[in-house]
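One structure is given here, and the rest of the page talks about it.
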Amino acid sequence: VVLNGWIARQPLPRTWIRGSGPRPASPATLRQPTGDPHLAPRLRRLIRAGIAALPGPNVRLSLTAVQNLADACLAAPAWPAGAYNIADAEAYWRDRVVLDVLRAHGTPARLAHVPIPAATLLARVAETLATVSPAQPGLTRYAVDQIARSVVLDISKAVARCWQPRHTLVGYLAALSRSARAGLVPG
Numbered sequence: 002v003v004l005n006g007w008i009a010r011q012p013l014p015r016t017w018i019r020g021s022g023p024r025p026a027s028p029a030t031l032r033q034p035t036g037d038p039h040l041a042p043r044l045r046r047l048i049r050a051g052i053a054a055l056p057g058p059n060v061r062l063s064l065t066a067v068q069n070l071a072d073a074c075l076a077a078p079a080w081p082a083g084a085y086n087i088a089d090a091e092a093y094w095r096d097r098v099v100l101d102v103l104r105a106h107g108t109p110a111r112l113a114h115v116p117i118p119a120a121t122l123l124a125r126v127a128e129t130l131a132t133v134s135p136a137q138p139g140l141t142r143y144a145v146d147q148i149a150r151s152v153v154l155d156i157s158k159a160v161a162r163c164w165q166p167r168h169t170l171v172g173y174l175a176a177l178s179r180s181a182r183a184g185l186v187p188g
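Read in order, the letters of the sequence shown correspond to residues 2 to 188 in my numbering.
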């Protein structure tokens, strides 16, 4: 594995798993921020002249609300050992998600579709430039791969264990809108 300069400078995650050794002095905590400090800023950076360019055609994607993941983690100790897919109940159309999230954050845009090979080439160039720069690459091959191909998870194994995804993107966007109206979400 070759690490570029930006990746090599990232801090290691602060996590602790029960049974993995002594608990750290200040364990990481899971909390829901008021607003989105990761996805929305990245989506906003995609926009040039009111257009967000996305790789390939529109695809279906499974997304996972952090609350659904937390619920599954709390339920999982009672499940038989094994791998379980955890996601929201329904898959989403990528383009609709991007437009809705941008709109909810006050940044409406139009979409353009870039051929996947062109997006991959641009990502390779950005990653190469990041090896000699302190800047994070604006686009990575991993990111292109994650949003250019349909990935719909089968959550039936977890559902069979009586876990149900209760949270949706629509609910998140409604809560974000309420928070924004109350002045709790930075623009």
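A virtual CB, placed ideally from N, CA and C, is assigned to each residue, including glycine. Since this is a predicted model, take the numbers as computed values, not measurements.
query	result
Cross-strand partners of histidine 114 (DSSP beta bridge)	Leu55
Through-space distance from alanine 113 to alanine 161, alpha-carbon basis	40 Å
Nonlocal neighbours in the same chain, by C-beta distance under 8 Å from asparagine 69, ignoring five residues either side	Ile87, Ala88, Asp89, Pro166, Arg167 and His168
Cβ distance (whole Å) where arginine 61 is taken to contact valine 171 below 8 Å	Actually they are not in contact, since the Cβ atoms of arginine 61 and valine 171 sit about 16 Å apart, beyond 8 Å.
Simplified DSSP assignment, three categories, for valine 67	helix
Assumed close pair valine 44, leucine 103 - CB separation to whole angstroms, cut-off 8 Å	Correcting the residue identity first, residue 44 is leucine in this sequence and not valine. Yes, leucine 44 and leucine 103 are in contact; Cβ-Cβ is about 6 Å, under 8 Å.
Exposure of tyrosine 173, with buried meaning 16 or more beta-carbon neighbours within 10 Å	buried
Inter-residue spacing [alpha-carbon to alpha-carbon] between histidine 106 and proline 138	23 Å
Which of helix, strand or coil DSSP assigns to isoleucine 1	Since the first residue shown for the chain is 2 and the last is 188, residue 1 is missing from the structure and cannot be characterised.
Check whether leucine 140 and leucine 122 have beta carbons under 8 Å apart	no
Secondary structure of valine 133, DSSP reduced to three states	coil
Assigned exposure category for serine 180 - 16 Cβ within 10 Å defines buried	exposed
Opposing strand residues paired with leucine 62 [DSSP bridges]	Tyr93 and Val152
Reduced DSSP secondary structure (H/G/I, E/B, other) of arginine 43	helix
Separation of leucine 177 from alanine 79, as counted between CA atoms	33 Å
C-alpha gap between alanine 127 and proline 116, whole angstroms	17 Å
Same chain only: Cβ atoms within 8 Å of isoleucine 48, ignoring 5 sequence neighbours per side	Leu103, Thr108 and Ala110
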